[in-house]
Amino acid sequence: MPPKIGTEPEFQTLWDKVQPYTMTSRERGYALWCAINTILDNETPGAFVECGVWRGGSSMLIALTLLQRGAGHRDIYMFDTFEGMTEAGEVDVDVDGHHADALMEGIRGDKLAELVKAAAGIDGVRAAMESTGYDMRRIRMIKGDVRETLKVTQTLGIALLRLDTDFYDSTLEELRVLYPRLNKGGILIIDDFGHWHGARLAVQDYFADPECPFTKPMLWAIDYTGRGAVKIEEQTGAGIERYDYVPPGMEPPDLLPLFPFAEAQNPWKIGWQYLRKQTPHIWRSDTRHTGHATGNASAEEAACLYAVARQFEGRRGLEIGTHFGWTAAHLLAAGLRLDCMDPAIADPERKAQISEALDGVKTTGSYRLWSSLSPAGVKEVRDSAEEPYSFAFIDGDHDGEAPADDAREVLNHLAPDAVVMFHDLTSPHVAKGLAVMQDAGFKVRLYNTMQIMGVAWRGNVTIPEHVVDPNVPPMMAGHLKRFL
């Protein structure tokens, strides 16, 4: 009798915990455990990615092994419909020649039909992952058809790529999108290469494609169906499709036509360390701007401003940092009587460009442009009218104490019922501004947008609920903990 696979007590302890949550064999479980340890031993960088997770057993093994090795800082990505298999194609037959559709219809019994369907709800999978004790902020569960979700989810570099969606179309898309992200020395595991013809054919077709830039690696047999490989080439890119996202219930008017020079840019070329480049939303900047690149708020962030400000229609608002007027236009559309402060307004050409855009906004509100510096000039602007500010948006100088200084000054000029919003909470400097408001007794909330927005309010104010785009990474920066 051959010796038992995986006799190490370190493996056995973890396998006993995860076995009820997986259909994979002991041999494949042990191979996964060895792969994780090899990656850590070799210090291969990157995330751990699984496509097709069922009840979460293999991802649980990944999490538990990382914790066992003191590597709980690694990111884990779990892609699944969490509702069962996607539609099968013509080539999706099992090792015995049975088509997946027939199996799911019960040709070989109800028990096997349910296993082939592989349906497991996301709440149950999340509970299973929570039971490992892994930091859930490091675990992303991406729900949906991988043929749609992969291209808009940024994993960055990958250390381990485990594919277990069985069928041709999904496996081929996983290889096309994710294999280029696998780092040199990273490990690929195909769970059902031997059992499902579609999975095997997808691997063969991917590497046989003349346009595939990678050498087909040696695939070693784990058991009758599982295969493993080590990538020998460097990672070649981690591009994703970018799009505009508008949260449900926050839909603003379409103001983009008023800003023809706001063009989509590649954020990976931007050196600012606090830009969340992995977020799949379009990042625009105005091509008329010279010098360092300054990005606009995303479409989602502009929508958030509009949605919060609408309750103050007819009341006074303040914006610090107007740039070319993109966010001001949304605040104006909400009906604010808006004061826009930006030293660039001292340039007659810039002032005219901002005015041209804002004059095109259909609104019950009004605007005035000020070239005053903040925080010194805030009082002068405030004193130009009797009413205090019900709304303020602070998006000026992001460095050092500037956001906190702006917040301290704005505090002096707010109405009893008021909201103050901040952009770029990814920066700890901007977070200091929100902290000023919190320390002054304001309630605070974060919107998990591309650059993270901060909201502070007091009095009789309604803060709209924000539906987060599931493709946006969680808010993990230490400087945000006090607001969560």
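Under our numbering, the sequence shown is numbered contiguously, ending at residue 484. The beta-carbon is built from N, C-alpha and C at its ideal position, and this holds for glycine as well.
Reference residue 93, options 396, 102 and 371, closest by Cα: 102
In the structure shown, what three-state DSSP assignment does residue 74 receive? coil
If I follow the unbroken alpha helix (DSSP H) through residue 197, where does it start and stop? Its alpha helix (DSSP H) spans residues 197-208.
Can you say whether residue 183 is buried or exposed, counting buried as having 16 or more other CB atoms within 10 angstroms of its CB? buried
Boundaries (first-last residue) of the alpha helix (DSSP H) holding residue 37: 26-41
From the DSSP output, which residues share a beta bridge with residue 48? According to DSSP, which records beta bridges pairwise, residue 48 is partnered with 76 and 160.
Mind checking which residues open and close the beta strand (DSSP E) that includes residue 250? Careful: residue 250 lies outside any beta strand (DSSP E) and carries neither H nor E.
First and last residue of the alpha helix (DSSP H) that includes residue 15? First-last of the alpha helix (DSSP H) with residue 15: 9-18.
Residue 204 versus residue 194 - alpha carbon distance: Cα to Cα, the separation comes out at about 12 Å.
Every unbroken beta strand (DSSP E) inside the stretch 274-339 [3 residues or more]: 283-286 and 316-320
Taking the beta strand (DSSP E) that residue 481 belongs to, which residues open and close that run? From DSSP, residue 481 is part of no beta strand (DSSP E); its letter is neither H nor E.
Buried versus exposed, by CB contacts within 10 Å (16 or more), residue 273: exposed
Alpha carbon to alpha carbon, what distance is there between residue 142 and residue 340? 40 Å
Locate the alpha helix (DSSP H) running through residue 453, then write down its first and last residues. If you look at residue 453, you'll find it isn't in any alpha helix (DSSP H); it sits in the beta strand (DSSP E) that goes 453-458.
Rounded to whole angstroms, what is the Cα-Cα separation between residue 217 and residue 229? 6 Å
Closer than 7 Å by C-beta to residue 284: which residues in its own chain qualify, once you throw out the five before and the five after it? Chain order, please. 262, 263, 264, 265, 295 and 296, listed in sequence order.
Could you tell me how far apart the beta carbons of residue 154 and residue 267 are, in whole angstroms, since I believe they sit closer than 8 Å? 11 Å between Cβ atoms; not a contact.
Compare the C-beta of residue 102 against all C-beta atoms of chain D and say whether one is closer than 8 Å. The displayed structure is made up of one protein chain only, and chain D is not part of it.
Tell me the rounded alpha-carbon separation between residue 122 and residue 114. 17 Å
With 16 other CB atoms within 10 Å as the buried threshold, where does residue 421 fall? buried
Quick one: what's got a C-beta closer than 6 Å to residue 416's C-beta in the same chain, skipping five residues either side? 459
Rounded to whole angstroms, what is the Cα-Cα separation between residue 246 and residue 306? 11 Å
Nearest by alpha-carbon distance to residue 432: which of 138, 400 and 334 is it? 400
In its own chain, which residues sit with a C-beta less than 6 Å from the C-beta of residue 188, not counting the 5 before and 5 after it? 161 and 229
In terms of alpha-carbon separation, which member of 127, 117 and 108 lies closest to residue 18? Residue 127 holds the alpha-carbon nearest to the alpha-carbon of residue 18 among 127, 117 and 108.
Would you mind listing the beta strand (DSSP E) stretches within the stretch 405-457 that are 3+ residues and don't spill past its ends, in chain order? 414-423 and 443-447
In angstroms with no decimal places, state the Cα-to-Cα distance between residue 232 and residue 185. Cα to Cα, the separation comes out at about 6 Å.
Using DSSP's beta-bridge definition, name the partner residues of residue 369. Partner(s): 340.
Which residues in the same chain as residue 65 place their Cβ atom closer than 6 Å to its Cβ, once the five residues preceding and following it in sequence are excluded? If we look at residue 65 and ignore the five residues flanking it on each side, its Cβ neighbours are 33 and 36.
Residues in its own chain within less than 7 Å of residue 151 by CB, not counting five upstream and five downstream? 177, 240 and 241
Let's test the definition: count the other Cβ atoms within 10 Å of the Cβ of residue 257 and tell me whether it reaches 16, buried, or not, exposed. exposed
Report yes if the C-beta distance between residue 78 and residue 53 is below 8 Å; otherwise report no. yes
Selection from 179, 61, 89 and 108 that minimises the alpha carbon distance to residue 130: 61
Using only CA atoms, which one of 96, 47 and 91 lies nearest to residue 72? 47
Limits of the alpha helix (DSSP H) - the one that residue 151 falls within: Per DSSP, residue 151 belongs to no alpha helix (DSSP H) and is neither H nor E.
Among 23, 358, 393 and 224, the one whose alpha carbon lies nearest that of residue 378: Scanning 23, 358, 393 and 224 for the CA closest to the CA of residue 378 turns up 393.
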